[in-house]
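Note sheet for the following structure.
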Amino acid sequence: MPHVLIVDADTESSCALRAVLADEACTCTVATHLRQAITQLALQQPDWILVAQQLPDGCGLDLLQEGGSDDPPGLVLMADSPTVEQAVEAFRRGAADYLVKPLDMRRVRQLIGSRRPRRSDLQRSAEPPQLLGNSAIMQTLRDHIGRVAPTEASVLLLGESGTGKELVAQNIHAASLRHRQPFLPVNCGAISPQLIESEIFGHERGSFTGADRQHKGYFERASGGTLFLDEVIEMPIELQVKLLRVLETGTFMRIGSNQELHTDVRIVAATNRDPEGAIAEGRLRLDLYHRLNVFPLRVPALRERGKDIEILAQHFLDEFNGCHGTDKTLSPKAMAALCNYHWPGNVRELRNFMQRAYILSDRVIEAPLLDTAPARCTATALTLAVPVGSSLADVDRQLIFATLELCGGVKKRAADLLGISLKTLYNRLEEYSNDDRAAALQARHPGVPSAIVVPGYESGLLN
Ligand SMILES: Nc1ncnc2c1ncn2[C@@H]1O[C@H](COP(=O)(O)OP(=O)(O)OP(=O)(O)O)[C@@H](O)[C@H]1O
Ligand SMILES: [Mg+2]
Numbered sequence: 001m002p003h004v005l006i007v008d009a010d011t012e013s014s015c016a017l018r019a020v021l022a023d024e025a026c027t028c029t030v031a032t033h034l035r036q037a038i039t040q041l042a043l044q045q046p047d048w049i050l051v052a053q054q055l056p057d058g059c060g061l062d063l064l065q066e067g068g069s070d071d072p073p074g075l076v077l078m079a080d081s082p083t084v085e086q087a088v089e090a091f092r093r094g095a096a097d098y099l100v101k102p103l104d105m106r107r108v109r110q111l112i113g114s115r116r117p118r119r120s121d122l123q124r125s126a127e128p129p130q131l132l133g134n135s136a137i138m139q140t141l142r143d144h145i146g147r148v149a150p151t152e153a154s155v156l157l158l159g160e161s162g163t164g165k166e167l168v169a170q171n172i173h174a175a176s177l178r179h180r181q182p183f184l185p186v187n188c189g190a191i192s193p194q195l196i197e198s199e200i201f202g203h204e205r206g207s208f209t210g211a212d213r214q215h216k217g218y219f220e221r222a223s224g225g226t227l228f229l230d231e232v233i234e235m236p237i238e239l240q241v242k243l244l245r246v247l248e249t250g251t252f253m254r255i256g257s258n259q260e261l262h263t264d265v266r267i268v269a270a271t272n273r274d275p276e277g278a279i280a281e282g283r284l285r286l287d288l289y290h291r292l293n294v295f296p297l298r299v300p301a302l303r304e305r306g307k308d309i310e311i312l313a314q315h316f317l318d319e320f321n322g323c324h325g326t327d328k329t330l331s332p333k334a335m336a337a338l339c340n341y342h343w344p345g346n347v348r349e350l351r352n353f354m355q356r357a358y359i360l361s362d363r364v365i366e367a368p369l370l371d372t373a374p375a376r377c378t379a380t381a382l383t384l385a386v387p388v389g390s391s392l393a394d395v396d397r398q399l400i401f402a403t404l405e406l407c408g409g410v411k412k413r414a415a416d417l418l419g420i421s422l423k424t425l426y427n428r429l430e431e432y433s434n435d436d437r438a439a440a441l442q443a444r445h446p447g448v449p450s451a452i453v454v455p456g457y458e459s460g461l462l463n
């Protein structure tokens, strides 16, 4: 199905064009400004761009420089008052056609039908959600995904919560030779320790109380495909031994059976913790770590991705607009505030925030809505200078207060970032109750609950 980007400030003309293209079974996106069109191009490459010659913020032909791929979209310039010089200039710069308004819709239909769908379109149905972002660090990540995907190497995804590790795992599977086989995500931290072994390896009927029929585990169900072991460090240590044995021998047995079954799965594992710290604490086996860590991939935090914040924010807004048939926009000030925030919850937090801002705004999302997005937390707030000679206990204390400050006083999130349990954090705060910083923190963030209670949101921005 061809995808068309219409760029025109004349919304009446865009609507008419959109209706005609819908009849031709095309999908369309409409932008009214060059700036919006450039964001759209980063999100999804169209087959065709139909662009007005003059836009409020520039000349339509400038979009020809934004193609950037080896299969660029065809660009058609739409002129209100045509001149021969402009038409010549358009063709010289590579436009596919030059049409005069009001458009001859027959000609538009002929043009759209004349081009084969892009290769990526033919594969689109099998594709996972797009991994958006144009920052250098994301381009490197995409390059590495492309290199490792067609191999059989195990991949270990490392990155903070909400950075997109599961999305990366889906993209690896989709670009692998196994893409027609299952992709099976398993959250090792969410299955009860009593059931995890049976979930992973399966069981025979009668092998334990309640096992009233045979059950195929993840290794069997993912056969031929990819098994995504999310939060792998949370897997009980005794099970890690068994997992290692499967990975090394390629065989396993269902619980209650002596029959060896062969496995043919590719493993992608992920964690948002520091694996070496987990090894030191005895929560991750070193041998399993080496087996999983054949190809480590770090998924960067959102605050490291520069302009990607704009692309993602616009993408989520487009998604909500698309779902509700609205046309809400972000004011430039609001966009700047988003870019200044450090997003400890990463892309997930940005998505949740955009959803909330979308619901609360009528037409334009304004900066005041983002007041609670602490634009004041700049990169300096992310650094803690500790003089050599400090005691470890003092460093702990400083780090805890700084992290709480960074998280707007939300203890659950601070505990996650610090890699300690909420209970440990409470114990520490009890210890520090006479410290002035505890009182100052309380005064700055009065009534901040230890965990966010609004269903569906994890964001500290909601406080
Ligand atoms: N680059 C991206 N482009 C588009 N959407 C993204 C991107 N990265 C993350 N997302 C979206 O952000 C949300 C969180 O992503 P995901 O679940 O993959 O994170 P995660 O790293 O697995 O988090 P956790 O460690 O908490 O499990 C999802 O809705 C995902 O689709
Ligand atoms: Mg995940």
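Numbering (the numbering used here), first residue to last: 1 to 463. Don't be surprised by glycine CBs; every beta carbon is placed ideally from N, CA and C. Because the structure is a prediction, the values reported are computed rather than measured.
Problem set entry | ligand 1 heavy atom lying under 6 Å from the CB of L360 | The answer is no for L360.
For this session: Would you decide whether R245 is buried or exposed? Buried here means 16 or more other CB atoms lie within 10 Å of its CB.
Result: exposed
For this session: Could I get the ranges of all uninterrupted beta strand (DSSP E) runs contained in the segment 213-288, with 3 residues as the minimum, in chain order?
Result: 226-230, 266-271
Exercise. Among the residues of its own chain, which have a CB less than 6 Å from the CB of G58, if the five just before and after it don't count?
Worked result: For G58, the CB contacts under 6 Å within the same chain, skipping 5 residues up- and downstream, are L34 in chain order.
For this session: May I ask you to list the residues that DSSP assigns as paired with W343?
Result: In DSSP, W343 forms no bridge with anything.
Problem set entry | Sequence-ordered residues whose beta carbon comes within less than 7 Å of a heavy atom of ligand 2 | K165, E166, D230, A270
Exercise. Is V347 near ligand 1, going by C-beta to nearest heavy atom under 6 Å?
Worked result: Within the cutoff, so yes.
Problem set entry | Local Cβ density within 10 Å of P332, reported as buried at 16 or more and exposed below that | Exposed, since its Cβ has fewer than 16 Cβ neighbours within 10 Å.
For this session: Report all residues from its chain with a CB closer than 6 Å to the CB of D8; omit the five preceding and five following residues, and keep chain order.
Result: Excluding its 5 nearest sequence neighbours in each direction, D8 has C-beta neighbours in its own chain below 6 Å: S14, A52, listed in chain order.
Exercise. Going straight from the alpha carbon of E248 to that of I267, what length do you get?
Worked result: 12 Å
Problem set entry | Limits of the alpha helix (DSSP H) - the one that N321 falls within | 308-324
Exercise. Roughly how many whole angstroms lie between the Cα atoms of L63 and A31?
Worked result: 12 Å
Exercise. Nearest-angstrom Cα distance between H215 and D274?
Worked result: 34 Å
Exercise. Under 7 Å, do A169 and F219 count as touching if we go by C-beta distance?
Worked result: no
Exercise. So which of P102, A95, P56 has the shortest CA-CA distance to E12?
Worked result: P102
Exercise. Is V148 helix, strand or coil by DSSP?
Worked result: helix
For this session: Have a look at the DSSP bridge pairing and note the partners of Q54.
Result: C59
Exercise. CA-CA distance, Y341 and K307?
Worked result: 12 Å
For this session: Taking 7 Å as the cut-off, decide whether the C-beta atoms of L50 and V76 are in contact.
Result: yes
Exercise. When the distance is taken between beta carbons, is I172 closer than 7 Å to P2?
Worked result: no
For this session: Pick helix, strand or coil for P296, following the three-state DSSP scheme.
Result: strand
Exercise. Any heavy atom of ligand 1 closer than 6 Å to the Cβ of S465?
Worked result: The structure shown does not extend to residue 465, since the chain spans only 1 to 463, so no value can be given for it.
For this session: Determine which residues share a DSSP beta bridge with L75 and list them.
Result: Answer is I49.
For this session: Mind checking who C28 pairs with in its DSSP beta bridge?
Result: V4
Exercise. Do you know offhand how far S459's Cα is from N352's?
Worked result: At S459 the pLDDT is 33, less than 50, meaning the model places this residue with poor confidence; the figure from the coordinates comes in the next sentence. In this structure, the straight-line span from the alpha carbon of S459 to that of N352 is close to 7 Å.
Problem set entry | Cα-Cα separation, I233 to P128 | Counting only the Cα atoms, P128 lies some 25 Å from I233.
For this session: Along the beta strand (DSSP E) that carries Y98, what are the first and last residues, could you check?
Result: 97-100
Exercise. How would you label V347, buried or exposed, when you count the other beta carbons within 10 angstroms and need 16 or more for buried?
Worked result: buried
For this session: Give me the Cβ distance between F401 and R437, rounded to the nearest whole Å; I'm assuming they're in contact under 8 Å.
Result: 5 Å
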